[in-house]
Amino acid sequence: MRVLSPRAALACYLMLLLAYLSGAVVAPLDGFSAGYADIALALHEGGKWTQLTFQNQDYQTGPPLLFWLSALSFEFFGVSVVAYKLPSLLFSALAIYSTVRLGSILYNEAVARLAGVILASAFAILFANNDAGMDALLTGSVVFATCQLFIFVTDENKLSARAHLVVAGAGLALGLAARGLVGVALPLLAVFLYLIYRLEWRRVFDPFWLALPLFVLLFASPLLYAYHEQFGLDGLARFVLWLQSPEQQVLKGAGNKGKDLFFYYYTYLWAFLPWSAIALWAVVSGAQRLTNDRYWPRAQGYAVTLGAIAFVFILLSLARFSLMHYVSVLLPFFALLLASWLPARLRHPASFRRLWHVQNVVFVLIVDAALVANGWMFPLRDLVVGVVVVVMLVLGFWGIPRWLGGSRLITASVTMSAVFWVLVNLNLYPNLLEYQAGTVLGDKAMERHREKIDDIYYLEGDDLAASFNLAIRQRAKPITFEELAKRDREVVLFATSKVHMMLSEKGLLLPGISTELEPPSLNYDISRPKWDFLNPGTRHTSERVFYSPGMREGDDNNKLRPVYLLYFKPLQGEHPQQ
965 MRVLSPRAAL
975 ACYLMLLLAY
985 LSGAVVAPLD
995 GFSAGYADIA
1005 LALHEGGKWT
1015 QLTFQNQDYQ
1025 TGPPLLFWLS
1035 ALSFEFFGVS
1045 VVAYKLPSLL
1055 FSALAIYSTV
1065 RLGSILYNEA
1075 VARLAGVILA
1085 SAFAILFANN
1095 DAGMDALLTG
1105 SVVFATCQLF
1115 IFVTDENKLS
1125 ARAHLVVAGA
1135 GLALGLAARG
1145 LVGVALPLLA
1155 VFLYLIYRLE
1165 WRRVFDPFWL
1175 ALPLFVLLFA
1185 SPLLYAYHEQ
1195 FGLDGLARFV
1205 LWLQSPEQQV
1215 LKGAGNKGKD
1225 LFFYYYTYLW
1235 AFLPWSAIAL
1245 WAVVSGAQRL
1255 TNDRYWPRAQ
1265 GYAVTLGAIA
1275 FVFILLSLAR
1285 FSLMHYVSVL
1295 LPFFALLLAS
1305 WLPARLRHPA
1315 SFRRLWHVQN
1325 VVFVLIVDAA
1335 LVANGWMFPL
1345 RDLVVGVVVV
1355 VMLVLGFWGI
1365 PRWLGGSRLI
1375 TASVTMSAVF
1385 WVLVNLNLYP
1395 NLLEYQAGTV
1405 LGDKAMERHR
1415 EKIDDIYYLE
1425 GDDLAASFNL
1435 AIRQRAKPIT
1445 FEELAKRDRE
1455 VVLFATSKVH
1465 MMLSEKGLLL
1475 PGISTELEPP
1485 SLNYDISRPK
1495 WDFLNPGTRH
1505 TSERVFYSPG
1515 MREGDDNNKL
1525 RPVYLLYFKP
1535 LQGEHPQQ
């Protein structure tokens, strides 16, 4: 029996597609994702593609690929949540396709097909398209470049092989623009591990490799130009070639006792769910076989995947930062390793039973998390979502293996991942977003006060929620107290509680000239929820649950605070006293 027939793989992809598409319409959370969307919106409105700014300040944290692609998406499809997330979705599709292609080079079509399904169902890949950021772009760029490099070294047609090297240069440049040097180093490491293990020295010393840096520089020239324009030569070195790379962080972080050396190992355990437990089994088993039998037929694939995984985990454990996307970029290698190891075990009854017991433990943990989140914290309110979930479970655990051909362990694991993220996207996130004031007030403004959208402001120096800008599909404009007091036009103002208090003290909130367009909305940092918020019994009673946008725990105003959408009429006659 096939471990996963083509029809069963297609059915798995269709279930996962529901999870991906449901996540594409969920508003990003204030924090990294909404902030990234705001940077892209500034590029879209300002047209200055070499000037990255966030809240009117130079953005200096990372390369610009996400912002450029999202701004282009805004140009073509208009400003929306889906348009912002579209680049992440496309790069995830590129990562899955490239993993399948790479699997067919290293192993065979059956392993490649299974690897694609495993990668598509990994929690971190689905999450990267939900709270869209750098992860999907980096992962897609790295595995695409790796695939093209492997085609270059395995294609006997010299002309075709060299064309793929050019394309690989474009992939490496995308990786550089996504997150710096790690996007270049990992694909090169993988392909040279492959060549050295096979002792193909002629390929290693192929003089055409010397052209690869030129191709990378050619395709990366817009990135290099942009950094030079905004930051000069110092910025060019600081943000692309050195200081944003893990290698430099290793030098800074070595000996840093405050850094958790096991952060990336903990992250892997959830990032590769529902496969992380049996993938560790595959890693240990493969490493033992590789050291004992160099001439094992699948040794070359294990050399590539295990070598890349080991190198990056050791490097990152010594670095001083803790960023999830450096684990996400390894998931295609884990998927290939697991897909090559799993089929033989699934065909053996005793091994299958052991694997099924392990996965049952994982399933119980996922079900418990889903029930707590969608049954107790935020109970499921839509019966249709519940029906969809039940249908998916029946198909995954019984229908697909019986009718389309495939191992129940594979289809059940994919189903658990798809069901979990459908519940997250269609129930948990919509409930959480009710406490993100930027999204709530922005949606209400678009729904009820669309005619006033072109005149929405925030007080200069106030904390403007990035999610508000994406919700109203443009950036709110800053205004000063003086301009507000002497206004000659109607003004809609996004105001936090501290600004509301200041407006009252300055006499600018007077009956007849100012109105609350909407009831004040309570705001909470839902990207980092705490127990007193997640617990329904204490959600609305805790003093320290709610905060104004931009404030963090420890600020004096980190208490139950509303956020307002205020309407000021044009002044006629005397101005209010200040």
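At position 239 of the sequence shown (counting the first as 1) the number is 1203 in the working numbering, and the numbers step up by one without a gap. Quick reminder that beta carbons are idealized off the backbone N, C-alpha and C, glycines included.
Within the DSSP bridge table, the entry for alanine 1459 names Tyr1528 as partners.
In this structure, alanine 1440 keeps its C-beta atom at 9 Å or more from the C-beta atom of threonine 1403. Taking each of Asp1095, Leu1007, His1321, Ser1068 in turn and checking the Cα distance to leucine 985, the smallest one comes out for Asp1095. The C-alpha of threonine 1110 is placed about 9 Å away from the C-alpha of valine 1148. By the Cβ test, the region 1053-1060 is not in contact with the region 1346-1358, since fewer than three Cβ pairs between them sit closer than 8 Å.
Within the same chain, Cβ atoms closer than 8 Å to the Cβ of glutamate 1009 are found at Gln1438, Arg1439, the five residues on either side in sequence being excluded. If you look at isoleucine 1420, you'll find it in the beta strand (DSSP E) that goes 1420-1423.
Remark: C-beta atoms of leucine 1153 and phenylalanine 1275 approach each other more closely than 9 Å.
When Arg1451, Leu1237, Pro1526 are compared, the shortest CA-CA separation from isoleucine 1374 is found for Leu1237. Under the 8 Å Cβ criterion, the region 1074-1087 does not count as touching the region 1023-1041, having fewer than three qualifying pairs. Here serine 1037 carries a helix assignment [DSSP, helix/strand/coil]. Between leucine 1033 and tyrosine 1023 the beta-carbon gap is near 15 Å, outside 8 Å, which marks them as no contact. Nearest to phenylalanine 1316 by C-alpha distance, out of Arg1492, Ile1278, Ile1242, is Ile1242. Per the C-alpha coordinates, the member of Val1456, Leu1335, Leu1390, Val967 positioned closest to isoleucine 1082 is Val967.
Contact check for tryptophan 1305 against serine 1249 passes: the beta carbons are separated by less than 9 Å. Non-local beta-carbon contacts of alanine 975 in its own chain, meaning distances under 8 Å to residues more than five positions away in sequence, involve Leu1359, Ile1364, Leu1368, Thr1375 in chain order. Here the region 996-1005 lies against the region 1419-1432, with 3 or more beta-carbon pairs under 8 Å apart. With fewer than 16 other beta carbons inside 10 angstroms of its own, alanine 1308 counts as exposed. DSSP, reduced to helix, strand and coil, places proline 1483 outside both helices and strands of the structure shown, so it counts as coil.
Measuring C-alpha to C-alpha distances from alanine 1337 to each of Leu1053, Leu1498, Leu1145 identifies Leu1498 as the nearest. In summary, threonine 1479 is exposed, with fewer than 16 beta-carbon neighbours lying within 10 Å of its beta-carbon over all protein chains present. Around the Cβ of tryptophan 1239, a 10 Å sphere holds 16 or more other Cβ atoms; the residue is buried. Between leucine 1481 and leucine 1530 a beta carbon distance of about 7 Å is seen, short of the 8 Å cut, so the two are scored as contacting.
Annotated three-state conformation of isoleucine 1160 is helix, per DSSP. By the C-beta density criterion, phenylalanine 1040 is exposed, having fewer than 16 other C-beta atoms within 10 angstroms. Inclusion of arginine 1372 and aspartate 1419 in the CB contact set at 9 Å is not warranted, their separation being larger than that value. Selection Gly1350, Val1155, Val1131 evaluated against alanine 1184 yields Val1131 as nearest (Cα-Cα). Nearest Cα to tyrosine 1528 within the set Ala972, Ala1409, Thr1444: Ala1409. For leucine 1101 against proline 1051, the beta-carbon gap comes to about 7 Å, under 8 Å, which counts as contact. Between valine 1106 and leucine 1159, the C-beta spacing is not below 9 Å.
As a beta-bridge residue in DSSP terms, lysine 1441 pairs with Tyr1421.
The C-alpha of valine 1378 is placed about 18 Å away from the C-alpha of leucine 1335. Contact check for phenylalanine 1055 against glycine 1097 fails: the beta carbons are separated by 9 Å or more. Of the residues assessed, tryptophan 1495 falls on the exposed side of the cut-off, its CB having fewer than 16 other CB atoms within 10 angstroms. Rounded to the nearest whole angstrom, the C-alpha separation of glutamate 1411 and leucine 1405 is 10 Å.
Taking each of Pro992, Ala973, Leu1457, Val1168 in turn and checking the Cα distance to serine 1044, the smallest one comes out for Pro992.
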